[in-house]
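Structure first, commentary second.
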Amino acid sequence: SMVRVSLGRSIIQNINGLSDELPIITLDPQLEHILLDSIQASGGAGIGLEPGIAERIQQSLMKAVEQQEIVGEPAVLVVAAPLRASLAKFIRHGISSLHVLAFNELPEDIKIKVVVVIGNN
112 SMVRVSLGRS IIQNINGLSD ELPIITLDPQ LEHILLDSIQ ASGGAGIGLE
162 PGIAERIQQS LMKAVEQQEI VGEPAVLVVA APLRASLAKF IRHGISSLHV
212 LAFNELPEDI KIKVVVVIGN N
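Heads up: the sequence shown is residues 112 to 232, going by the numbering used here.
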């Protein structure tokens, strides 16, 4: 939503303190495409994935979150805007420490560092 976009900077400060570089987890473009298709197919009702794929994504994300915790950095998944709400819902059950943001919520001047790419392999 527009409100979230305008709150972007304070959302990120809450997550990342005053650090000027945000470590992010992203999705492999192909996987992002599959997820976008599944949301469109469901008429926006959410992500409808084969259990196997959903499980693999969840496991990869959990591993990424653990890795971020080990190095003492926040775990932030940044995805295409149409995916944010559905993915946040999909993840909330299993991984409460993972923040899900949309690319358009990131302030333009923030430096990002991609630490993990979640693939569909």
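Glycine included, each C-beta is placed from N, C-alpha and C at the ideal position.
Look at LEU198 here: in three-state DSSP terms it is helix. By the criterion of a C-beta distance shorter than 8 Å, SER149 is surrounded in its chain by ILE158, GLY159 and LEU160, once the five residues flanking it on both sides are discounted. Inter-segment contact for the stretch 207-227 and the stretch 177-188 is present: three or more beta-carbon pairs are separated by less than 8 Å. One alpha carbon belongs to GLN178, the other to GLY154, and they sit about 35 Å apart. The alpha-carbon of PRO140 is positioned some 15 Å away from that of SER171. By the criterion of at least three beta-carbon pairs nearer than 8 Å, the stretch 218-232 is in contact with the stretch 118-138. Scanning the stretch 140-220 for uninterrupted alpha helix (DSSP H) segments of 4 residues or longer gives 140-152, 162-181 and 192-203, listed from N- to C-terminal end. In terms of Cβ geometry, ILE206 and MET173 form a close pair [threshold 8 Å].
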